[in-house]
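In terms of the working numbering, the sequence shown opens at residue 1 and continues consecutively.
Have a look at the structure below before the remarks.
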Amino acid sequence: APPNLGGMNKPREHFEIGEALGLMDFDAAAKLSGARFVVLKGALARLERALEQFMLDLHTSEHGYTEIAPPVLVRDAAMFGTAQLPKFEDDQFWAVSGEVLRQPSDQDIALMDPLDAQAALASRLNGIKSARFGLIPTAEVPLTNLVRESIVDEKTLPLRFTAATLSFRAEAGAAGRDTRGMIRQHQFKKVELVSITTPEQSRDEHERMTACAEEVLKRLGLHFRTVALCAGDMGFAAQKTYDIEVWLAGQGRFREISSCSVCGDFQARRMNARVKGAEAKSTRFVHTLNGSGVAVGRALIAVLETYQQPDGSIAVPDVLRPYMGGLTRIEAAR
């Protein structure tokens with residue numbers, strides 16, 4: 001059963017807790033960026049950082065993942081490879097340089113470095129869209145594309161990558177949903193897990209990856225459940241998906257905090273990512289898997305709502321205390 005929060009009759013939602021502590025400011029974020037952003041301050045900003053560091057340390061030191069620090073701006077080809085394009089183009093944020101926006105002259109282009117000049121010429125010929133970058137909606141995009149246009153030695157598989165990055169989502173079609181708080185934001189932090197395997201390894205790797213994500217929540221002392229999605233709820237690139245849902249006491253419901261999918265060779269065919277064994281005469285497509293390990297913002301929400309105390313403070317989970325300088329309790333800002 002979900003925890004009873006020390007006998008509290010009516011647990012508060014995370015935004016009520018954060019605002020009462022003076023450490024979560026949505027008004028300041030709205031002045032800077034508009035709706036669906038937040039400014040975290042003091043101990044809550046540190047708690048978010050602690051969660052991220054804890055997850056990375058767990059996945060790299062115990063789960064066998066290699067930490068990657070990837071770009072968060074990617075070309076359309078990378079988005080296509082992991083199936084964000086063309087279907088979900090409206091859900092993405094896009095960036096172009098100021099030079100591209102103002103359509104530089106021939107003299108300006110002559111002074112650019114070759115890659116920028118190529119992009120500027122392409123935008124002149126084909127429009128701004130050809131010179132844009134996508135802000136990644138998940139680190140799945142750059143991590144999976146690390147094997148793009150390559151032939152991987154079968155002896156090196158499975159490859160396991162993890163990264164903590166900002167993720168950006170336009171949330172098209174989400175108007176009116178989760179308008180309060182941090183549940184659905186345009187910008188959020190997430191720790192991602194990606195595996196590259198042979199076709200024979202992928203099913204077992206999917207179970208392993210899901211267990212790695214579950215372990216994060218177990219060590220944080222959070223109540224959760226794992227559900228297998230029906231075909232109609234899965235992403236169209238996935239063969240099988242598990243959603244991990246964490247209990248949010250303030251909302252009185254489970255909410256998704258991780259989604260772990262095995263994609264078979266769907267993404268590999270788009271990326272032309274292949275594997276070759278030592279004795280094999282030909283190559284095969286790799287299999288790809290991805291999952292959140294886990295969404296940092298939603299983990300922060302779950303910690304606030306699970307560890308809230310009757311006096312309004314937040315008890316710091318044991319595993320996070322070394323990352324918080326030994327702090328055991330978060331209290332109102334003075």
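Ideal Cβ positions, reconstructed from N, Cα and C, are used throughout, including at glycine.
What is the DSSP secondary structure of Pro2, reduced to helix, strand or coil?
-> On the sequence shown, residue 2 is found 2 positions in, with the first residue counted as 1. Note on Pro2: pLDDT 46, under 50, position unreliable in the model; the coordinate value appears next. The answer is coil: DSSP assigns Pro2 none of H, G, I, E or B.
Under 8 Å, do Ala294 and Ala164 count as touching if we go by C-beta distance?
-> Residue numbering aside, residue 294 sits at position 294 when the sequence shown is read from its first letter. Residue numbering aside, residue 164 sits at position 164 when the sequence shown is read from its first letter. Ala is not the amino acid found at residue 294; the sequence shown has Val there. Their beta carbons are not under 8 Å apart, which means Val294 does not touch Ala164 by this criterion.
Residue environment, Asn4, which counts as buried when at least 16 other CB atoms sit within 10 Å = One-based indexing of the sequence shown puts residue 4 at position 4. Reliability of the predicted coordinates at Asn4 is poor, the pLDDT of 49 falling under 50, and the value obtained from them is presented with this limitation in mind. Asn4 is exposed by the Cβ-count criterion.
Outcome for Phe236 when other beta-carbon atoms lying within 10 angstroms are tallied against a minimum of 16 = Taking the first residue of the sequence shown as position 1, residue 236 is located at position 236. So Phe236 counts as exposed.
Please list, in chain order, all residues of the same chain as Arg269 whose beta carbon is under 7 Å from its beta carbon, the five residues on each side excluded.
-> To locate residue 269, count along the sequence shown from 1; it is residue 269. Here the set comprises Phe285.
So Arg329 packs on Ser313, CB below 8 Å; how close in whole Å?
-> Taking the first residue of the sequence shown as 1, we reach residue 329 at position 329. Taking the first residue of the sequence shown as 1, we reach residue 313 at position 313. Contact holds; Cβ gap of about 5 Å.
How is Phe254 classed by DSSP in three states: helix, strand or coil?
-> Along the sequence shown, read from residue 1 onward, the residue named residue 254 stands at position 254. In the structure shown, Phe254 sits in a strand (DSSP, three-state: E or B).
Determine the contact status of Ser261 and Gly221, defining contact as a CB-CB distance below 8 Å.
-> Taking the first residue of the sequence shown as 1, we reach residue 261 at position 261. Taking the first residue of the sequence shown as 1, we reach residue 221 at position 221. It is not a contact, given that the beta carbons lie outside the stated cut-off.
Beta-carbon separation of Phe133 and Ala83 under 8 Å?
-> Residue numbering aside, residue 133 sits at position 133 when the sequence shown is read from its first letter. Residue numbering aside, residue 83 sits at position 83 when the sequence shown is read from its first letter. Not closer than 8 Å, so no.
If you drop the 5 nearest sequence neighbours on each side, which residues of the same chain put their C-beta closer than 8 Å to that of Val275?
-> For the purposes of this step, residue 275 is taken as residue 275 along the sequence shown, with counting starting at 1. If we look at Val275 and ignore the five residues flanking it on each side, its Cβ neighbours are Ile151, Val152, Asp153, Glu154, Leu157, Thr198, Thr283, Arg284, Phe285, Val286.
DSSP bridge partner residues for Gln308 (one or two, in chain order) = As a position in the sequence shown, residue 308 is number 308, starting the count at 1. DSSP, once it has assigned bridges, lists Ile314 as partnering Gln308.
Is the beta carbon of Thr144 less than 8 Å from the beta carbon of Val194?
-> As a first step, residue 144 must be located in the sequence shown, where it is residue number 144. As a first step, residue 194 must be located in the sequence shown, where it is residue number 194. Closer than 8 Å, so yes.
Ala333 and Lys41 closer than 8 Å at C-beta | In the sequence shown, counting from the first residue as 1, residue 333 sits at position 333. In the sequence shown, counting from the first residue as 1, residue 41 sits at position 41. In contact: Ala333 and Lys41 (Cβ atoms closer than 8 Å).
Can you name the start and end residues of the alpha helix (DSSP H) that Leu58 belongs to?
-> Walking along the sequence shown from the start, residue 58 turns up at place 58. 42-61 is the extent of the alpha helix (DSSP H) around Leu58.
Quick one: is Glu200 buried, meaning 16 or more other Cβ sit within 10 Å of its Cβ, or exposed?
-> What you label residue 200 is simply residue 200 of the sequence shown in a count that begins at 1. Exposed: under 16 other Cβ atoms inside 10 Å.
Beta-carbon separation of Glu215 and Leu58 under 8 Å?
-> In the sequence shown, the residue the question calls residue 215 occupies position 215. In the sequence shown, the residue the question calls residue 58 occupies position 58. Yes, the pair counts as a contact, with Cβ atoms nearer than the cut-off.
Within its chain, find whatever has a CB closer than 8 Å to the CB of Glu48; leave out the 5 residues flanking it on each side and keep chain order.
-> Here residue 48 is taken as the residue at index 48 of the sequence shown, counted from 1. These residues qualify, in order along the chain: Leu40, Lys189, Val296, Gly297, Leu300.
Below 8 Å on the Cβ atoms is my guess for Ile244 versus Phe224; work out the distance and round it to an integer in Å.
-> Residue mapping note: residue 244 aligns to position 244 of the sequence shown, counting from 1. Residue mapping note: residue 224 aligns to position 224 of the sequence shown, counting from 1. Their Cβ separation, rounded to whole angstroms, is 6 Å, which keeps Ile244 and Phe224 in contact under 8 Å.
Using a Cβ cut-off of 8 Å (strictly closer), state whether Val141 contacts chain B.
-> Here chain B cannot be found, since the structure has a single protein chain.
Could you pull the start and end residues of the alpha helix (DSSP H) that Gln267 belongs to?
-> The residue labelled residue 267 in the question sits at position 267 within the sequence shown. Looking at the DSSP string, the run of the alpha helix (DSSP H) that includes Gln267 is 266-271.
Opposite Val262 in the DSSP bridges: which residues?
-> Reading the sequence shown from its first residue, position 262 is the one you call residue 262. Per DSSP, Lys240, Leu289.
Could you check what DSSP says for Ile151 in three-state terms: helix, strand or coil?
-> Taking the sequence shown and counting its residues from 1, one reaches residue 151 at position 151. Here Ile151 sits in strand by DSSP.
Beta carbon of Glu13 nearer than 8 Å to that of Gln309 = Working through the sequence shown from its first residue, we reach residue 13 at position 13. Working through the sequence shown from its first residue, we reach residue 309 at position 309. Contact: no.
Bounding residues of the beta strand (DSSP E) (the contiguous stretch that carries Phe26) = Stepping through the sequence shown from its first residue, residue 26 is reached at position 26. Where Phe26 is concerned, there is no enclosing beta strand (DSSP E), although the alpha helix (DSSP H) it sits in stretches over 26-33.
May I have the straight-line CA-CA distance separating Glu192 from Met55, to the nearest angstrom?
-> As a working mapping, residue 192 is identified with position 192 in the sequence shown. As a working mapping, residue 55 is identified with position 55 in the sequence shown. Rounded to whole angstroms, Glu192 to Met55 spans 10 Å at the Cα level.
What residues in its chain sit with their C-beta under 7 Å from that of Met24, if we drop five residues either side in the sequence?
-> Here residue 24 corresponds to residue number 24 of the sequence shown, with the count starting at 1. Excluding positions up to five away in sequence, the list reads Phe15, Gly18, Val38, Leu40, Leu44.
Where does Glu67 sit, in a helix, a strand or coil, going by DSSP?
-> Along the sequence shown, one-based indexing puts residue 67 at 67. Reduced to three states, the DSSP call for Glu67 is strand.
Tell me which same chain residues have a C-beta within less than 8 Å of the C-beta of Met324, skipping the five on either side of it?
-> Walking along the sequence shown from the start, residue 324 turns up at place 324. Hits under 8 Å: Ala43, Arg46, Leu47, Ala50, Val316.
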